[in-house]
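Quick notes on the structure that follows.
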Amino acid sequence: MQGTAILLAAGASRRMGSPKALLPWGTGTFVQHLCSQLDGLDFAARGVVTRPELANRLNVDWPIWINPLPDRGMVSSLQTALQFVSPDCPWVMVCLVDQPAISSETFRKMAARAGETGWTSPVYRGRRGHPVVIGRECFAALRAAEAEQNPRDVLSRFPRTLVEVDDAGVAQDFDTPEEWQSFQKAKVGR
Numbered sequence: 554m555q556g557t558a559i560l561l562a563a564g565a566s567r568r569m570g571s572p573k574a575l576l577p578w579g580t581g582t583f584v585q586h587l588c589s590q591l592d593g594l595d596f597a598a599r600g601v602v603t604r605p606e607l608a609n610r611l612n613v614d615w616p617i618w619i620n621p622l623p624d625r626g627m628v629s630s631l632q633t634a635l636q637f638v639s640p641d642c643p644w645v646m647v648c649l650v651d652q653p654a655i656s657s658e659t660f661r662k663m664a665a666r667a668g669e670t671g672w673t674s675p676v677y678r679g680r681r682g683h684p685v686v687i688g689r690e691c692f693a694a695l696r697a698a699e700a701e702q703n704p705r706d707v708l709s710r711f712p713r714t715l716v717e718v719d720d721a722g723v724a725q726d727f728d729t730p731e732e733w734q735s736f737q738k739a740k741v742g743r
């Protein structure tokens, strides 16, 4: 059985000042672009975890999974997603909505390495990033974690595989308007 793709889009985007999921990317938005990138892979299921107030604004064909307490942190969004994951799902690929620059090749490479250890993360020039592939053996620990915990702290109890990728997008996210504008200027200059 294949894994499940989880796209986390429940952050408050306080520093950005507007929902990052709805920022423009190509002909759509961050969330639409990432869903499209991941649609090219063979997942058993997929879903976007988001805040209640964004659910009707995402305009994607994926199932929308509402995190009722999104301000509690990323673990609470993972716990929301795991409620929808099939009991026999061997792994999940966790993607962050503020990382739209990840290549489809990186998503394929990470999916191909799924199930090797407890969890797998990409590395670009020494910087670790996303998407992270989490094996079923980690699900119970994530479900039992305090919602405010850092997911890395929960996963640190399990073996980890690092996958070298030639993709700066895995370690590049956008938290402020300045970061986003700087990236856009650099992208136009290429």
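Adding 553 to a residue's 1-based position in the sequence shown gives its number in my numbering.
Backbone N, C-alpha and C define an ideal beta-carbon position, used for all residues, glycine too.
Under the three-state DSSP convention, the category residue i falls into
i	result
residue 633	helix
residue 625	helix
residue 602	strand
residue 576	coil
residue 615	coil
residue 581	strand
residue 592	helix
residue 736	helix
residue 638	coil
residue 741	Low confidence applies to residue 741: its pLDDT is 48, below 50, so where it sits in the model is not reliable enough to give any reading.
residue 724	helix
residue 620	coil
Residues near residue i by beta carbon distance below 7 Å, same chain, minus five either side
i	result
residue 689	642, 643 and 644
Cβ neighbours of residue i in the same chain (closer than 6 Å, five flanking residues each side left out)
i	result
residue 705	none
residue 750	What is shown of the chain runs 554 to 743, which leaves residue 750 out entirely.
residue 616	600
Bridge partner(s) assigned by DSSP for residue i
i	result
residue 655	Note: residue 655 sits in no beta bridge, so no partner.
residue 560	601 and 648
residue 717	676
Cβ-based neighbour list, residue i, same chain, cut-off 8 Å, excluding 5 preceding and 5 following
i	result
residue 659	675, 684, 718, 720, 722 and 723
If we require 4 or more residues per run, which alpha helix (DSSP H) segments fall completely within the segment 661-714?
692-697 and 704-708
Just checking, does the segment 717-729 make contact with the segment 651-659 on the three C-beta pairs under 8 Å criterion?
yes
For the 8 Å Cβ check, are there 3 or more pairs between the segment 581-590 and the segment 622-632?
no
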